[in-house]
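Residue numbers (full-length UniProt numbering): 1 to 229.
Even glycine gets a Cβ: it sits at the ideal position worked out from N, Cα and C.
Since the model is a prediction, treat every value here as computed from it, not as a measurement.
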């Protein structure tokens, strides 16, 4: 059977009754203080955040705690419906829609913050372009707004035994969790390759690295924060 991203993730999130916690790195970005993130405006209250590829919705309670107005997109109606029916979110005001990194159902400059945590590098089966993804993501961010993006390093377990395609794209072949096999992804040569996609859109960029052998899996990631021009 051919791989279907929509069917695969529908199944994952339909079976999830428990909501995970937000990534530690995202918590640190939003709540911590770091010398290379002094440009990040942390006056969150009343501002709009878009979580692109929000998954099980684990970031929404954090955003709500910070006073952010929560918006999110996922790739199917089923995932959106499951999220809105999740008891854990019954007290949250969520505005969720179907969308993807290359097609967001929003106007230009609508959001103060956009988070794409482990989502921007998932490509369509054909005619894929990571630059098109970043162009679309940045389109809906206000001038002076912020994007927070995480992607795997080449050493990440996700790329284990992947099939190399053209122009830095790969096909996943050996996913440890058996969810992504057949998925086309963008793979970055190094940090400069990743951050280069944001240079034309951002006046300030800072990129951190996470490298961790987590009980046999290489959890190696680039994490970028950019301020839109």
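Contact set for residue i: own chain, Cβ-Cβ below 7 Å, skip 5 residues either direction
| i | result |
| --- | --- |
| residue 45 | 67 |
| residue 77 | 98 |
| residue 27 | 62 |
| residue 170 | 159, 162, 163, 164, 185 and 187 |
| residue 40 | 146 and 225 |
Under 8 Å between C-beta atoms of residue i and residue j
| i | j | result |
| --- | --- | --- |
| residue 207 | residue 194 | yes |
| residue 3 | residue 183 | yes |
| residue 121 | residue 212 | no |
| residue 141 | residue 177 | no |
| residue 73 | residue 113 | no |
| residue 148 | residue 228 | no |
| residue 179 | residue 8 | yes |
| residue 94 | residue 225 | no |
| residue 124 | residue 75 | no |
| residue 25 | residue 210 | yes |
| residue 60 | residue 104 | no |
| residue 189 | residue 168 | yes |
| residue 130 | residue 197 | yes |
Outcome for residue i when other beta-carbon atoms lying within 10 angstroms are tallied against a minimum of 16
| i | result |
| --- | --- |
| residue 107 | exposed |
| residue 23 | buried |
| residue 70 | buried |
| residue 100 | buried |
| residue 33 | exposed |
| residue 119 | buried |
| residue 215 | exposed |
| residue 51 | buried |
| residue 164 | exposed |
| residue 96 | buried |
| residue 150 | buried |
| residue 144 | exposed |
| residue 82 | buried |
In DSSP terms, what residue i is bridged to
| i | result |
| --- | --- |
| residue 113 | 49 and 146 |
| residue 71 | 50 and 95 |
| residue 141 | 111 |
| residue 40 | Paired residues: none, contrary to the question. |
| residue 224 | 149 and 207 |
| residue 171 | 163 and 184 |
| residue 202 | 228 |
| residue 130 | Partner(s): none; residue 130 has no beta bridge. |
| residue 217 | 214 |
| residue 122 | 185 |
| residue 90 | Residue 90 is not bridged to any residue. |
| residue 103 | 100 |
Nonlocal neighbours in the same chain, by C-beta distance under 6 Å from residue i, ignoring five residues either side
| i | result |
| --- | --- |
| residue 102 | 132, 133 and 136 |
| residue 109 | 142 |
| residue 115 | 51 and 148 |
Neighbourhood of residue i by C-beta, 8 Å cutoff - its chain only, sequence neighbours within 5 removed
| i | result |
| --- | --- |
| residue 30 | 42, 44, 62 and 66 |
| residue 84 | 94 and 96 |
| residue 181 | 3, 172, 173, 174 and 175 |
Are the stretch 17 to 24 and the stretch 48 to 61 touching by the rule of at least three beta carbon pairs closer than 8 Å?
-> In short, these stretches touch, since the Cβ pair count reaches three.
Inter-stretch contact at 8 Å, needing at least 3 Cβ pairs: the stretch 206 to 220 / the stretch 146 to 158 | Taking 8 Å as the limit for Cβ pairs, the verdict is that the stretch 146 to 158 does touch the stretch 206 to 220.
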